[in-house]
Amino acid sequence: MSFLYLGVRTVHWTTSRRFPHAVLPTSLNYRYGVSEIVNRLVWYHDFDNCTVLIQNWMATVTNIMLGVIMIARLHAMYQQSRRMLVFLVLIFSAVTIASVVIIIMQSSISTVSEEIILSGYSQCIDVGNDIFLATVTWIFGAVWEIVALCLAVWIAIKHFREVSTGRTIGDCFTALIKSHVFYFASFAAVTCLTLGTLSPQLSNASAVVMDFYNGLLQISSVVQMFVLGLRLVLSIRKFNAKVVANSDEATAMTSIKFRERTRMSTDNDV
């Protein structure tokens with residue numbers, strides 16, 4: 000799972016760096032002047048093909064993998080309960096299918112990205128995407144994240160009330176909850192920023208404000224998916240490595256004490 004997620008992260012990062020795209024607002028209340036379009040397009044290099052759909056689908060695949068990681072974590076927290084696994088799979092499948100259908104509708108109904116050549120620069124611009132459809136996918140994702148967070152908090156509270164043995168289990172739950180809460184907080188921030196794109200005030204804002212808002216949204220999305228999302232895996236690996244290191248130290252101390260006792264018994268016999 001870790002290697003597969005790292006592979007998607009690398010491909011998505013490479014794609015976003017090699018094939019950036021600009022999204023022009025379609026609201027009638029917001030107009031771009033020719034000089035503003037030139038200023039936005041001059042920062043991009045010459046491209047052969049439009050890759051907006053590739054970026055959208057790569058983000059979808061990444062979110063699906065994050066969901067699978069979350070299911071595995073919750074399944075472990077609920078002591079590998081089959082009922083919980085079936086429930087999580089059904090909820091996540093419904094959310095994923097709905098999101099994929101919306102993305103397909105968005106790609107087919109709206110105007111497909113066009114390649115504009117201006118002053119020798121070829122730029123792929125998404126001129127017809129429906130912002131509302133794109134926002135609905137985030138709403139579905141928010142529903143899934145809220146369900147996952149509630150399940151994680153519930154089992155954590157139940158566990159801390161009932162458990163009376165083992166420090167290791169408590170530490171494991173602490174590691175799970177910490178990484179989950181940080182990830183959910185970042186997802187909530189990105190969702191709020193995405194829903195903010197529907198605001199009429201933002202559509203009427205200046206080009207500087209739009210650029211700042213879009214940049215903040217893109218940075219938050221990258222941090223949520225490719226930093227805190229990856230921490231969902233790395234936090235558990237770090238905890239497991241710590242447990243293994245502690246067990247190795249305990250084994251080494253036991254072997255040293257055993258050798259000392261053996262030597263003492265041998266000296267007494269002599």
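With the first letter of the sequence shown counted as 1, position 176 gets the number 175 in numbering that gives the first Met the number 0; the numbers rise by one all the way through. Virtual Cβ for every residue (Gly too), placed ideally from N, Cα, C. Every value quoted in this text rests on a predicted model; they were computed, and no experiment measured them.
Asked: From Lys177, Thr196 and Ile102, pick the residue whose C-alpha is nearest to that of Ala155; which is it?; Found: Lys177
Asked: Please confirm whether Ala151 and Met76 have their CB atoms less than 8 Å apart.; Found: yes
Asked: Assuming contact is defined by CB atoms lying nearer than 8 Å, are Ser185 and Leu148 in contact in what I supplied?; Found: no
Asked: Checking 8 Å against the spacing of the C-beta atoms, do Thr325 and Thr95 come in under that value?; Found: With the chain running from 0 to 269 in the structure shown, residue 325 is simply not present.
Asked: Between Leu117 and Asp210, what straight-line distance do the alpha-carbon atoms span, to the nearest angstrom?; Found: For Leu117, the predicted structure reports a pLDDT of 46, less than 50, and the residue's modelled location is therefore unreliable. The matter cannot be settled from this model.
Asked: Am I right that Phe181 and Glu144 are in contact with their C-beta atoms under 8 Å? What's the rounded C-beta distance?; Found: 12 Å between Cβ atoms; not a contact.
Asked: Please tell me whether Arg72 and Leu175 are closer than 8 Å, where the distance is taken between their beta carbons.; Found: yes
Asked: Rounded to whole angstroms, what's the CA-CA distance from Trp137 to Ile68? Just pull it up for me.; Found: 18 Å
Asked: Between Thr196 and Ala141, how many whole angstroms is the CB-CB distance? I'm expecting something under 8 Å.; Found: That belief does not hold up - the Cβ atoms of Thr196 and Ala141 are roughly 15 Å apart, past 8 Å.
Asked: Does DSSP classify Gln200 as helix, strand or coil?; Found: helix
Asked: Per DSSP, what kind of secondary structure is Gln78 in: helix, strand or coil?; Found: coil
Asked: Return the CA-CA distance between Ile36 and His179, expressed in angstroms with no decimal places.; Found: Because Ile36 sits at a pLDDT of 44, beneath the cut-off of 50, its placement in the model cannot be relied upon, and the following sentence gives the value as read from the coordinates. One C-alpha to the other measures close to 41 Å.
Asked: Evaluate Ile101 with the Cβ neighbour count: other Cβ atoms within 10 Å of its Cβ, from every protein chain shown; 16 or more gives buried, anything less gives exposed.; Found: buried
Asked: List the whole-angstrom C-beta distance separating Leu87 from His74, where the pair is believed to meet the contact cut-off of C-beta under 8 Å.; Found: 7 Å
Asked: Nearest to Ser98 by CA position, among Gln78, Ala206, Gly66 and Ile70, is which residue?; Found: Gly66
Asked: What residue from Phe91, Phe139, Ala93 and His158 has the CA that sits closest to Gln78's CA?; Found: His158
Asked: What is the residue span of the alpha helix (DSSP H) that Phe211 lies within?; Found: Ala206 to Val222
Asked: How about Ser219 and Ala187: are their beta carbons less than 8 Å apart?; Found: no
Asked: Roughly how many angstroms lie between the CA atoms of Gln105 and Trp56, to the nearest whole one?; Found: 12 Å
Asked: Apart from the five residues just before and just after Ala204, which ones in its own chain have a Cβ nearer than 6 Å to its Cβ?; Found: none
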